[in-house]
Structures are given as C-alpha cells and as structure tokens.
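**Student:**
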Amino acid sequence: MRLHRSPAPVTLAVALVLSLPYDAMPYARVADGGPPAQPLFGAACRTSVNGSHVVAYCHNPYVDIDRVRLHIECVRWWDIDTDSAPADTGPDMTVRLAGRCWKEVGPVWISHQNEH
C-alpha cells in the first residue's frame, strides 16, 4: 500500500522558519568584548571522618595560591567547634589539615581564600 503525501506541510514549515525575525532564530553567539573570563582557582579537597577525628587533603592544580581552612562543627552542644589554622596551598601542592571533636563530628567543610 502506497501513501500519497503532499509537500505542502514541509513547504509551509520552511516558509515559517524563513519568515521569523533574525533574533528569534537560534545561532551561535560570539563574545564581543564582554567581561574577561575569571582565571581558574581553588584547591580540590577531600575530607574523611574517623570517629571524632577529621582529616582533609587539599591539592591546588592552579597557579594562584589558595589559602584553605578546615571547619568542624561538633554534634554535642558542649563540644567546641574548631577551625584549623590557614594553610597556603601553592601551585601543584597538596596540604593536610586535621582537627577533632571530643565526641561526634557534625558538618565539615573547607573555606578557600584567593591570595592573589
């Protein structure tokens, strides 16, 4: 069985696309003097919690120095939260940060500061 199809729907679709205003059609945009791209920055850090002890390793693959700090929130209200001393992570350098709580460890995070 052979179906006879009319070229009218295809012709109509092409005509509609060609009649759209230029701004409505998708096209690749080229940056024209916009703000400069930000340089890559920031050490990649991984943390591990073992009981009440926390260890973090931060590796900086970029040129700018990244000053990193380990922040630890303890679960118990009477347990003092701790922040490590800042450590400058130079280009292609890995630093180790450590801290602890007396009891259970809560949220742990690393802060970054650009020392440019």
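For reference, each letter of the sequence shown is one residue, going -24 to -1, 1 to 92 in mature numbering (1 follows the signal peptide of the UniProt record, and there is no 0). The beta carbon of each residue, even a glycine, is placed where N, CA and C say it ideally should be.
1. Among Tyr33, Lys79 and Arg52, which residue has its Cα nearest to the Cα of residue 101?
2. Taking the C-alpha atoms as reference points, what is the distance between Ser24 and Asp68?
3. For Trp54, I'd like the list of residues in its chain whose CB is within less than 8 angstroms of its CB, leaving aside the five on either flank, ordered along the chain.
4. So is Met1 buried or exposed if we call it buried at 16+ other beta carbons inside 10 Å?
5. Is it buried or exposed, Ile56, if we count other Cβ atoms within 10 angstroms and call 16 or more buried?
**Tutor:** Straight from the coordinates:
1. The chain is shown only over -24 to 92; residue 101 falls outside these bounds and no answer can be derived.
2. 21 angstroms
3. There are no such residues.
4. Since pLDDT at Met1 reaches only 48, below the 50 mark, its modelled position is unreliable, and the value read off the structure follows with that caveat. Result: exposed.
5. exposed
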